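Undergrad: If you read the sequences in order, they're chains A and B. Taking this note's numbering, I'd label the letters of the first sequence as residues 655 to 862. Taking this note's numbering, I'd label the letters of the second sequence as residues 655 to 862.
Number of protein chains: 2
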Amino acid sequence: MSHTLGVRQAQKQKTRQALLDAALGLLEEQSLSSLGLREVTRAVGVAPTAFYRHFRSIADLGVELVEEALGSLHPMIESTVSATGDSDERIARAVDLIARHVDAYPAHVRFIARERHGGVQPVREAIRHQLARFSEEVKVALAEHPESAGWSDGDLLMLAGLYVDQMLMTASQFLEAMEGPAEERERVARTATQRLRLVGIGRHHWQD
Amino acid sequence: MSHTLGVRQAQKQKTRQALLDAALGLLEEQSLSSLGLREVTRAVGVAPTAFYRHFRSIADLGVELVEEALGSLHPMIESTVSATGDSDERIARAVDLIARHVDAYPAHVRFIARERHGGVQPVREAIRHQLARFSEEVKVALAEHPESAGWSDGDLLMLAGLYVDQMLMTASQFLEAMEGPAEERERVARTATQRLRLVGIGRHHWQD
DNA sequence: AATTCCAGAGAACAGTTGTTGACTGCATGG
DNA sequence: CCATGCAGTCAACAACTGTTCTCTGGAATT
Chain A
655 MSHTLGVRQA QKQKTRQALL DAALGLLEEQ SLSSLGLREV TRAVGVAPTA
705 FYRHFRSIAD LGVELVEEAL GSLHPMIEST VSATGDSDER IARAVDLIAR
755 HVDAYPAHVR FIARERHGGV QPVREAIRHQ LARFSEEVKV ALAEHPESAG
805 WSDGDLLMLA GLYVDQMLMT ASQFLEAMEG PAEERERVAR TATQRLRLVG
855 IGRHHWQD
Chain B
655 MSHTLGVRQA QKQKTRQALL DAALGLLEEQ SLSSLGLREV TRAVGVAPTA
705 FYRHFRSIAD LGVELVEEAL GSLHPMIEST VSATGDSDER IARAVDLIAR
755 HVDAYPAHVR FIARERHGGV QPVREAIRHQ LARFSEEVKV ALAEHPESAG
805 WSDGDLLMLA GLYVDQMLMT ASQFLEAMEG PAEERERVAR TATQRLRLVG
855 IGRHHWQD
């Protein structure tokens with residue numbers, strides 16, 4: 655069943671991943687729309703033409719990067735929203751989770767923040783699609799909460815979208831604060847916590 | 655007092671503005687970091703070398719675009735926050751104002767959304783600086799509200815930042831919906847309104 | 001009226017880019 | 001063991017890039 659793929663395909667996936675990694679690295683100080691195909695292959699140490707064996711274009715590579723950056727994040731998000739504990743505990747855990755994720759995958763986070771409104775349409779589309787999925791999943795998870803009794807589907811989706819956007823903004827702020835002093839990161843964490851508290855309070859009194 | 659500047663300087667400012675306008679136009683389908691100096695001068699119909707008479711580099715031009723896009727927005731924002739009327743009226747007016755602004759200056763809005771996290775550091779910095787000014791001004795305006803009695807300075811700044819970020823996200827969503835059907839724009843307006851309502855409720859019960 | 005100044009033109013530079021077609025070596029499947 | 005498939009190479013292409021230096025026409029200053 656577990657098909658060990660041959661030496662052939664293994665090597666191919668290795669260069670493919672090397673291309674993705676190199677691209678992600680180069681994107682730390684430029685946007686996808688200015689990333690050159692030759693630039694990427696040069697960084698990997700491979701002929702420019704080899705690029706075409708893996709991707710049709712840079713935009714295509716970008717879409718795959720979106721998958722890599724966001725695809726594996728769905729379970730993590732869902733479990734965070736569905737977590738138990740009182741409101742403040744859940745918020746603290748969520749903020750901490752975001753901080754850890756930014757620390758572990760700064761390049762991915764930067765890529766998503768940058769290309770969400772970036773100059774490459776298919777990539778924007780891919781990100782938009784993944785974020786819409788997040789919102790939908792968060793909405794479903796929120797609907798499970800007893801506190802969501804009486805909420806309309808539209809209002810739940812509005813709240814879910816707000817949480818998703820908030821998550822992204824917080825991640826991006828952690829990223830900006832990453833090279834700065836530790837107190838700056840602390841400030842970001844505190845502000846994010848307060849924002850989530852305020853949203854939580856609004857949610858609690860929504861039905862009045 | 656009103657110094658009419660000579661034919662000489664008038665012509666210079668004219669080409670300068672033409673360069674800014676052309677750049678903004680070209681940026682509708684790419685990012686600043688991939689915008690070429692020759693591309694801009696070609697669009698204006700001027701020699702590539704003429705560019706240097708006005709800007710040191712594309713990044714420099716980008717910083718000036720930030721000024722053009724956000725510099726004149728301060729009074730509008732402040733008056734919106736300080737507006738009278740009940741909560742829902744103020745929210746409706748704010749959302750409407752954002753919608754009109756996006757309609758009137760779509761390219762400026764796109765530029766800010768795109769380059770806020772874009773690949774050109776000085777431009778990111780300039781945007782960050784202007785947005786920090788917005789937050790500070792909104793904070794001061796919020797402090798005037800009777801509802802802000804008992805709020806700490808930090809919490810007020812947190813709320814102000816939330817409003818500023820929300821304004822930007824709403825503007826960007828209106829932009830995405832611009833080419834779509836009118837119902838889509840209506841949906842964006844409704845969601846933005848609901849988000850502001852929720853934040854307003856959270857604000858109202860903050861002190862509990 | 002004579003002089004200075006300067007926005008813009010023009011040509012040339014060394015590099016860079018994406019894409020093509022034909023190739024080679026080696027893992028794969030018969 | 002041989003034939004096929006295919007990841008990666010290589011050379012060449014036309015087109016493009018940012019930046020330099022030199023020049024010029026006409027407005028601004030004296």
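Just so you know, even glycine gets a beta-carbon here, dropped at the ideal spot from N, CA and C. Computed from a predicted model, the values in this text were never measured in an experiment.
Am I right that Gly725 (chain A) and Val777 (chain A) are in contact with their C-beta atoms under 8 Å? What's the rounded C-beta distance?
TA: In fact, because the Cβ distance is near 14 Å, the residues do not count as touching under 8 Å.
Undergrad: Starting from the beta carbon of Asp809 (chain B), find every residue of chain A whose beta carbon is closer than 7 Å, and list them in chain order.
TA: Gln848
Undergrad: Among the residues of its own chain, which have a CB less than 7 Å from the CB of Leu813 (chain A), if the five just before and after it don't count?
TA: When the five nearest sequence neighbours on each side are left out, the beta carbons in the same chain lying within less than 7 Å of the beta carbon of Leu813 (chain A) are those of Leu796 and Arg857, in order along the chain.
Undergrad: Determine the chain B residues that contact Trp860 (chain A) at a beta-carbon separation under 9 Å, and present them in chain order.
TA: Arg851, Leu852 and Ile855
Undergrad: On the three-pair Cβ rule with 8 Å, is the region 760 to 772 of chain B touching the region 811 to 827 of chain B?
TA: yes
Undergrad: Taking 6 Å as the limit between beta carbons, can you name the residues of its chain near Arg744 (chain A), skipping five residues before and five after?
TA: Ala737
Undergrad: Assess, as a yes-or-no matter, whether the region 698 to 710 of chain B is touched by the region 746 to 756 of chain B under the definition of 3 or more beta carbon pairs within less than 8 Å.
TA: no
Undergrad: Does the beta carbon of Ser687 (chain A) sit closer than 7 Å to a beta carbon anywhere in chain B?
TA: Using a CB distance cut-off of 7 Å, Ser687 (chain A) counts as an interface residue toward chain B.
Undergrad: Please classify Ser806 (chain A) as buried or exposed, where buried requires at least 16 neighbouring CB atoms within 10 angstroms.
TA: With a threshold of 16 other beta carbon atoms within 10 Å, Ser806 (chain A) falls short and is exposed.
Undergrad: Taking buried to mean at least 16 other C-beta atoms within 10 Å of its own C-beta, is His859 (chain A) buried or exposed?
TA: exposed
Undergrad: Pick out whichever of A:Leu680, A:Ile712 and A:Leu691 has its Cα sitting closest to the Cα of Val774 (chain A).
TA: A:Ile712
Undergrad: Report yes or no: is there a C-beta of chain A within less than 7 Å of the C-beta of Leu822 (chain B)?
TA: no
Undergrad: At 7 Å on the CB atoms, spell out the chain A contacts of Asp819 (chain B), in chain order.
TA: Met823
Undergrad: For chain B, check one thing: does any of its Cβ atoms lie closer than 7 Å to the Cβ of Thr669 (chain A)?
TA: no
Undergrad: Does Val756 (chain B) pass the burial test, meaning 16 or more other C-beta atoms within 10 Å, or should it be called exposed?
TA: buried
Undergrad: Report the residue ranges of all beta strand (DSSP E) runs contained in full by the region 735 to 759 of chain A; include only those spanning at least 3 residues, in chain order.
TA: none
Undergrad: Beta carbon of Phe828 (chain B), beta carbon of Ala761 (chain B): below 7 Å?
TA: Pairing Phe828 (chain B) with Ala761 (chain B) gives a Cβ-Cβ distance that is not under 7 Å.
Undergrad: For Lys793 (chain A), which residues from the same chain have a beta carbon less than 6 Å from its beta carbon, with the 5 sequence-adjacent residues on both sides left out?
TA: Here the set comprises Leu810, Leu811 and Ala814.
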